[in-house]
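Visitor: A single structure is presented below for examination.
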Amino acid sequence: MPGKRPPAASGPDASSSPSSWASLQADLVRLVGDRLLETGDLLDYVRLRAVCPHWRSSTPSPSGRGVADACFHPRRWMMLPEGHGLFPGHHKLQGYIRFFNRSTGAIVRREIPLLSDHCVLDSADGLLLLHGTATPPSTGDIAELPSLLTLIRRFSPRFSAERRDSSSTTRRLWAKFRDVTVASVTASAQGVITVMVALFRASAVAFATTEDQQWSVADCKLSSRIRRPLPFQGKLYMLDERKLSDGSNVTQIFQVEPPRHHVKGSASSSVPPPKSLIATCPASGTNIPFYLAECDSEILLIGLGNPLYSRITLYRLADLMLLGRLVPVTSIGDNILLVSDKVLSVSSRVLPNVEGNSVVMVNGGNEEAYFGQYQLSSSTWSPAADGSIRDHVPSPCSLIYHIFTCCRPDHWDKGEISFQVRGNLTWKVKGRITVSSKICEFTEIRWILDVAMSKKIENLQLQEMDIDGTISWSYCS
Numbered sequence: 001m002p003g004k005r006p007p008a009a010s011g012p013d014a015s016s017s018p019s020s021w022a023s024l025q026a027d028l029v030r031l032v033g034d035r036l037l038e039t040g041d042l043l044d045y046v047r048l049r050a051v052c053p054h055w056r057s058s059t060p061s062p063s064g065r066g067v068a069d070a071c072f073h074p075r076r077w078m079m080l081p082e083g084h085g086l087f088p089g090h091h092k093l094q095g096y097i098r099f100f101n102r103s104t105g106a107i108v109r110r111e112i113p114l115l116s117d118h119c120v121l122d123s124a125d126g127l128l129l130l131h132g133t134a135t136p137p138s139t140g141d142i143a144e145l146p147s148l149l150t151l152i153r154r155f156s157p158r159f160s161a162e163r164r165d166s167s168s169t170t171r172r173l174w175a176k177f178r179d180v181t182v183a184s185v186t187a188s189a190q191g192v193i194t195v196m197v198a199l200f201r202a203s204a205v206a207f208a209t210t211e212d213q214q215w216s217v218a219d220c221k222l223s224s225r226i227r228r229p230l231p232f233q234g235k236l237y238m239l240d241e242r243k244l245s246d247g248s249n250v251t252q253i254f255q256v257e258p259p260r261h262h263v264k265g266s267a268s269s270s271v272p273p274p275k276s277l278i279a280t281c282p283a284s285g286t287n288i289p290f291y292l293a294e295c296d297s298e299i300l301l302i303g304l305g306n307p308l309y310s311r312i313t314l315y316r317l318a319d320l321m322l323l324g325r326l327v328p329v330t331s332i333g334d335n336i337l338l339v340s341d342k343v344l345s346v347s348s349r350v351l352p353n354v355e356g357n358s359v360v361m362v363n364g365g366n367e368e369a370y371f372g373q374y375q376l377s378s379s380t381w382s383p384a385a386d387g388s389i390r391d392h393v394p395s396p397c398s399l400i401y402h403i404f405t406c407c408r409p410d411h412w413d414k415g416e417i418s419f420q421v422r423g424n425l426t427w428k429v430k431g432r433i434t435v436s437s438k439i440c441e442f443t444e445i446r447w448i449l450d451v452a453m454s455k456k457i458e459n460l461q462l463q464e465m466d467i468d469g470t471i472s473w474s475y476c477s
């Protein structure tokens, strides 16, 4: 009959048939998996592998490769501080800690037995840098580095690990080298893991590989002028403010390359990384860069106005290196930059009460300091949280304080929340440190994602509980 529509296609060849997806060629499945690892979150890759046995067998398993293969580093995940002094490994937490996703806001809770005798020093690319009192199990998700004692003896040759921890000198020395400013991690194609740590209290950059027997020190002294370094793609970037002969100030950006592994099996098999000048900010200008930040896989410079906090301007390091001048960045999308000792980039989905395209930091421009957000599009300040931070912030507090504490290393790894305690904190783990202490770097997040894969969990749901007055989340299927 004229005008009559032909019947729709049916049968096993229809595009809606589940078998058509299950029979997708293995190389195409691997290509999709690679794209997810490049642009998405590691959890998306885990969900891809959980679709069917064919897809699972067509893609490499991240299990056992969480550290050695940089593709599987969970870069968007970070440990969430609890508050109330409940540091990772505290007996009240019963071996559990929480991680949050900086893109989606998802929060997961996982038991980590290793924290019973290890403390957290820093986080890089979603990996945790630990120092502990026992040798960790040998798995692909844990990489063991040389003893911290070898680094201490480079600065104090007479130091003896047998001295009692009650010695104030010994305590100060251990605290000095446990105070990791920032850490960066790289993994070679051969599976050799390299870690660089900036130690501001020791004014040094130290590095070691998993095949070294001792730590080495780079020819890169950290002066008081240098701002807190930024780890990015295995390298360290830092700002150094210098005064010119005419009295003006100029800001220089330096880059520290990861060491080059060259001799296997030697005591120290790395060549000291060079420190190179890569860009110089113009001496003139009202917004001098004060901070470095990573946002959407780019390095940004954060400039504060004169007087301070009057205006915040962002610049791309790539523009400065290419053009030789600072070009203002007008938008960072829905991202939020939290600025303190470190700078953390999160999506506005993590902090729904804070507008995207903004910078959150302590505004000290007024007599009454407050926790403020600076909107880049309108160049205006507004409160990011209620109340003043000059006094003690009461508990329970907003989630933004927990997230902001990730920018304060001296509080983040010790179970305290910024603005609830004052002063610098030092590590005291069971009152003692043993000779067999090792630094190990591992990705416990990898274990979390493997659990999610095996249970085929499709959503990570937030569930609030009240445990000893802390903010607590559980991870549900």
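Under the UniProt record's numbering, the first residue of the sequence shown carries the number 1, and numbering increases by one thereafter. Yeah, the Cβ is synthetic: ideal placement off N, Cα and C, and Gly gets one too.
Kindly list the residues whose CB is nearer than 7 angstroms to the CB of Leu36, restricted to its own chain and excluding five residues on each side of it in sequence; keep chain order.
Guide: Taking the sequence shown and counting its residues from 1, the one referred to as residue 36 is at position 36. Once the five neighbours on either side are set aside, the close Cβ partners of Leu36 are Asp44, Tyr45, Leu48.
Visitor: Could you have a look at Ser276 and say whether DSSP puts it in helix, strand or coil?
Guide: In the sequence shown, residue 276 corresponds to position 276, counting from 1. Reduced to three states, the DSSP call for Ser276 is strand.
Visitor: May I ask you to report which of helix, strand or coil DSSP gives Cys119?
Guide: Locating residue 119 in the sequence shown gives position 119, counting from the first residue. If DSSP states are grouped into helix, strand and coil, Cys119 belongs with the strands.
Visitor: Quick one: give me the first and last residue of the alpha helix (DSSP H) that Arg178 is part of.
Guide: Residue mapping note: residue 178 aligns to position 178 of the sequence shown, counting from 1. Unbroken alpha helix (DSSP H) run through Arg178: 168-178.
Visitor: Here's the rule I'm using: 16 or more other beta-carbon atoms within 10 Å means buried, otherwise exposed. How should Leu130 be labelled?
Guide: Locating residue 130 in the sequence shown gives position 130, counting from the first residue. With 16 or more other Cβ atoms within 10 Å, it is buried.
Visitor: Where do the N-terminal and C-terminal ends of the alpha helix (DSSP H) with Ile400 fall, by residue?
Guide: For the purposes of this step, residue 400 is taken as the residue at position 400 of the sequence shown. Ile400 -> alpha helix (DSSP H) spans 399-405.
Visitor: Pairs of beta-carbons, one from the segment 374-391 and one from the segment 94-102, closer than 8 angstroms: are there three or more?
Guide: Short answer: they don't touch.
Visitor: For Leu127 and Asp246, what's the separation of their Cα atoms in angstroms?
Guide: Working through the sequence shown from its first residue, we reach residue 127 at position 127. Working through the sequence shown from its first residue, we reach residue 246 at position 246. In a straight line, the C-alpha of Leu127 is about 45 angstroms away from that of Asp246.
Visitor: Quick one: what's got a C-beta closer than 6 angstroms to Leu376's C-beta in the same chain, skipping five residues either side?
Guide: If you number the sequence shown from 1, residue 376 lands on position 376. Result list for Leu376: Asn357, in chain order.
Visitor: Taking all protein chains shown into account, do 16 or more other C-beta atoms lie within 10 angstroms of the C-beta of Thr210, making it buried, or fewer, making it exposed?
Guide: For this step, residue 210 is matched to residue 210 along the sequence shown. So Thr210 counts as buried.
Visitor: How would you call Gly333, buried or exposed, if buried means at least 16 neighbouring beta carbons within 10 angstroms?
Guide: Here the question's residue 333 lines up with position 333 in the sequence shown. So Gly333 ends up on the exposed side.
Visitor: With DSSP as the reference, label Gly95 as helix, strand or coil.
Guide: Locating residue 95 in the sequence shown gives position 95, where the first residue counts as 1. Residue state, collapsed to three classes: coil.
Visitor: With distance defined between alpha-carbon atoms, name the residue in Thr194, Met238, Trp381 nearest to Thr251.
Guide: Start at 1 with the first residue of the sequence shown, and residue 251 comes out as number 251. It is Met238 whose Cα lies nearest to the Cα of Thr251.
Visitor: What is the DSSP secondary structure of Asp386, counted as helix, strand or coil?
Guide: Counting from one through the sequence shown, the residue named residue 386 turns up at place 386. Strand.
Visitor: Three Cβ pairs or more, each shorter than 8 angstroms: is that satisfied between the segment 220-237 and the segment 100-117?
Guide: With the cut-off at 8 angstroms, the segment 220-237 and the segment 100-117 do not touch.
Visitor: Leaving out the 5 sequence neighbours to the left and right, which residues in its chain are closer than 6 angstroms to Glu111 when beta-carbon positions are compared?
Guide: Working through the sequence shown from its first residue, we reach residue 111 at position 111. Cβ neighbours of Glu111 beyond the five flanking positions: Gly95, Tyr96.
Visitor: Can you look up Ser331 in the DSSP assignment and give me helix, strand or coil?
Guide: Against the sequence shown, residue 331 aligns to sequence position 331. DSSP places Ser331 in coil when its eight states are reduced to three.
Visitor: I'd like to check one pair, Ala183 with Ala70: are the Cβ atoms closer than 8 angstroms?
Guide: The residue given as residue 70 occupies position 70 in the sequence shown. The residue given as residue 183 occupies position 183 in the sequence shown. No. Outside cutoff.
Visitor: Measure how close the beta-carbons of Phe177 and Val195 come, nearest whole angstrom, since I'm counting them as under 8 angstroms.
Guide: Translated into positions along the sequence shown, residue 177 becomes position 177. Translated into positions along the sequence shown, residue 195 becomes position 195. So it is not a contact: roughly 14 angstroms between Cβ atoms.
Visitor: Consult DSSP for Phe419 and reduce its assignment to one of helix, strand or coil.
Guide: Start at 1 with the first residue of the sequence shown, and residue 419 comes out as number 419. Three-state DSSP puts Phe419 in coil, outside helix and strand.
Visitor: Which residues in the same chain have their Cβ closer than 8 angstroms to the Cβ of Leu199, if we skip the five residues on either side of it in sequence?
Guide: Start at 1 with the first residue of the sequence shown, and residue 199 comes out as number 199. Taken in chain order, the residues that qualify are Lys176, Phe177, Asp179, Val180, Thr181, Val205, Ala206, Leu222.
Visitor: Would you mind working out which of Leu24, Gln190, Val197, Ile400 sits nearest Arg65, comparing C-alpha positions?
Guide: Position 65 of the sequence shown holds residue 65. Comparing Cα-Cα distances from Arg65 to each of Leu24, Gln190, Val197, Ile400, the minimum goes to Gln190.
Visitor: Just to confirm, is the Cβ distance from Cys407 to Ser340 under 8 angstroms?
Guide: Mapped onto the sequence shown, residue 407 falls at position 407. Mapped onto the sequence shown, residue 340 falls at position 340. It is a contact, given that the beta carbons lie within the stated cut-off.
Visitor: What did DSSP end up calling Cys220 once you bin it into helix, strand or coil?
Guide: Looking up residue 220 in the sequence shown gives position 220. Three-state DSSP puts Cys220 in coil, outside helix and strand.
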